[in-house]
Amino acid sequence: MAHSSSSLPLVVLSSLAAVFFAGDAFAHAELVSETPAAKSMAMPAPTELKLKFSEGLELKFTGVKVVGPKQAAIETGPATLDPNDNTMLIVPLKSTLPDGKYTVDWHALSTDGHKTKGSYWFESMH
Ligand SMILES: [Cu+2]
């Protein structure tokens, strides 16, 4: 009796560690690449943003918030997934971006149910 109550937590801990390895390292939707690329200068100004993830996405819980020069919120059209690739998020921009620096805050829910988020910036010149 005393043995089983003290050894159980160890079993739980080691299986949690296994889940962490398998789940975190390989299953979450991490941003793989983006267009315009992070820290790049886009010229001419982009008409859409493309974000490529490592896993399939749930569109309903995946999106971006774009902030431009002077902290202005940038209007985006409805995001879609590439019809042939559910790891590719496409976000249309509603009007030509004024020259300046843009920050893209993204959040994603992968098809395995894990949430991830991150941020990057690019510069635009038309
Ligand atoms: Cu995951």
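Taking our numbering, the leading residue of the sequence shown gets 8, the next gets one more, and so forth.
Think of the CB as a built atom: it goes at the ideal place given N, C-alpha and C, for glycine as much as any other residue.
Practice problem: Please list, in chain order, all residues of the same chain as H114 whose beta carbon is under 6 Å from its beta carbon, the five residues on each side excluded. | Solution: Numbered from its first residue, the sequence shown carries residue 114 at position 107. Around H114: K124.
Quiz prompt | Best match in K57, T94, M50 for proximity to Y127 [C-alpha to C-alpha] | solution = Here residue 127 is taken as the residue at index 120 of the sequence shown, counted from 1. It is K57.
Self-check item: Own chain, CB closer than 8 Å to A44, minus 5 neighbours either side, in chain order
Solution: Here residue 44 refers to the residue found at position 37 of the sequence shown. Closer than 8 Å at the Cβ level, and outside the excluded window around A44, lie F129.
Self-check item: Residues near G120 by beta carbon distance below 6 Å, same chain, minus five either side
Solution: Walking along the sequence shown from the start, residue 120 turns up at place 113. Cβ neighbours of G120 beyond the five flanking positions: none.
Quiz item: With A36 and L64 assumed to form a contact (beta carbons below 8 Å), what rounded beta-carbon distance in angstroms separates them?
Solution: One-based indexing of the sequence shown puts residue 36 at position 29. One-based indexing of the sequence shown puts residue 64 at position 57. About 6 Å separates the two Cβ atoms, so the contact holds.
Quiz item: Can you name the start and end residues of the beta strand (DSSP E) that E55 belongs to?
Solution: The residue you call residue 55 lines up with position 48 of the sequence shown. E55 -> beta strand (DSSP E) spans 55-60.
Exercise. For A52, I'd like the list of residues in its chain whose CB is within less than 6 Å of its CB, leaving aside the five on either flank, ordered along the chain.
Key: By 1-based counting over the sequence shown, the position of residue 52 is 45. Taken in chain order, the residues that qualify are T103, L104, S131, H133.
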